[in-house]
Amino acid sequence: MNTAPGKRPLPKPSKARSTPAAPGRRKANPFWRWSLRVYRAPGVQEACLALQDRCGADVNLLLFCGWVGLAGRALDQRLLRQAAACVGRWQAEVVAPLRAVRRTLKHGGAKASTAAPALALRRRVAALELQAESVEQTLLFELAGSWPPPARPKRPPIAVAASLGRYLASLPGVPQPPGPRHLATLVDACCATPATRRSAGDPGAGINKPAPPGRR
Numbered sequence: 017m018n019t020a021p022g023k024r025p026l027p028k029p030s031k032a033r034s035t036p037a038a039p040g041r042r043k044a045n046p047f048w049r050w051s052l053r054v055y056r057a058p059g060v061q062e063a064c065l066a067l068q069d070r071c072g073a074d075v076n077l078l079l080f081c082g083w084v085g086l087a088g089r090a091l092d093q094r095l096l097r098q099a100a101a102c103v104g105r106w107q108a109e110v111v112a113p114l115r116a117v118r119r120t121l122k123h124g125g126a127k128a129s130t131a132a133p134a135l136a137l138r139r140r141v142a143a144l145e146l147q148a149e150s151v152e153q154t155l156l157f158e159l160a161g162s163w164p165p166p167a168r169p170k171r172p173p174i175a176v177a178a179s180l181g182r183y184l185a186s187l188p189g190v191p192q193p194p195g196p197r198h199l200a201t202l203v204d205a206c207c208a209t210p211a212t213r214r215s216a217g218d219p220g221a222g223i224n225k226p227a228p229p230g231r232r
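If you count by this note's numbering, then the sequence shown holds residues 17 to 232, one letter each, in order.
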């Protein structure tokens, strides 16, 4: 891979787990499948997008806090920094630009003569955004697999709430604390969505959706 001088290449999943393609083409990892279900729960999309647009949160990291919390793991600042560093450049240079292009195409006010091709282009960009979201979740999935089990597991609602609170508090320049309603929605949805035995209970073993995480 050619890389500009002084610039590190973007992270990529290990060869042991190849980059996920679009849903239906390759079996997704348990974190992705679980996130699909959580994101469809009532109020979750609204909560995630509010935290994304108001606080600068990465929706995949919000969901990651919930997924590892099902195993009783409350992410401390060190693990949160690891997770953010693992996907930060991918989110900033791949996922976010694709989202910006898709939103521009959606609200750009294309003329009648270009409406059809603009819609087709937006759908293609949305498909690429979906794949980029899936790659990011694979990076997080592999990171979780490198961690030892939590020494003192907490009850899932406590672990999820603690991780979400610490993550949002770590975001720079948040104008005001996120509404407790959004946090409660995420905690409830994450804890009400069962994971497969080897997804949250054992992250090292083995999700945009009609609208993927961060989509709209």
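Idealized CB from N, CA, C, for every residue including glycine.
- The segment 194-212 makes contact with the segment 53-61, as at least three CB pairs between them are under 8 Å.
- The segment 114-129 and the segment 166-186 do not touch, with fewer than 3 CB-CB distances between them shorter than 8 Å.
- Under a 10 Å Cβ-count criterion, residue 159 is classified as buried, with 16 or more other Cβ atoms of the shown protein chains found around its own Cβ.
- A distance of 8 Å or more separates the beta carbons of residue 83 and residue 185.
- In the same chain as residue 141, and ignoring 5 residues on each side of it, the C-beta atoms closer than 7 Å to its own belong to 114, 117, 118, 121, in chain order.
- For residue 138, the secondary structure class from DSSP, reduced to helix, strand or coil, is helix.
- In the structure shown, residue 204 adopts helical secondary structure according to DSSP, grouped into three states.
- A Cβ-Cβ distance of about 11 Å is found for the pair residue 148 and residue 103, leaving them out of contact under the 8 Å criterion.
- In the same chain as residue 170, and ignoring 5 residues on each side of it, the C-beta atoms closer than 6 Å to its own belong to 88, 90, in chain order.
- The continuous stretches of alpha helix (DSSP H) do not include residue 108, and DSSP gives it neither H nor E.
- For the pair residue 179 and residue 72, the CB atoms are not nearer than the 8 Å cut-off.
- Counting only the Cα atoms, residue 150 lies some 24 Å from residue 181.
- Here the alpha carbons of residue 81 and residue 100 stand approximately 11 Å from one another.
- Per DSSP, the unbroken alpha helix (DSSP H) holding residue 69 starts and ends at 60-71.
- Here DSSP, grouped into helix, strand and coil, assigns residue 209 to coil.
- Here residue 172 is buried: its Cβ has 16 or more other Cβ atoms, across all protein chains shown, within 10 Å.
- The distance from the Cβ of residue 53 to that of residue 209 is about 5 Å, consistent with a contact at the 8 Å cut-off.
- Within the same chain, 47, 76, 77, 80, 99, 102, 103 come within 8 Å of residue 156 by CB-CB distance, once the 5 residues on both sides are set aside.
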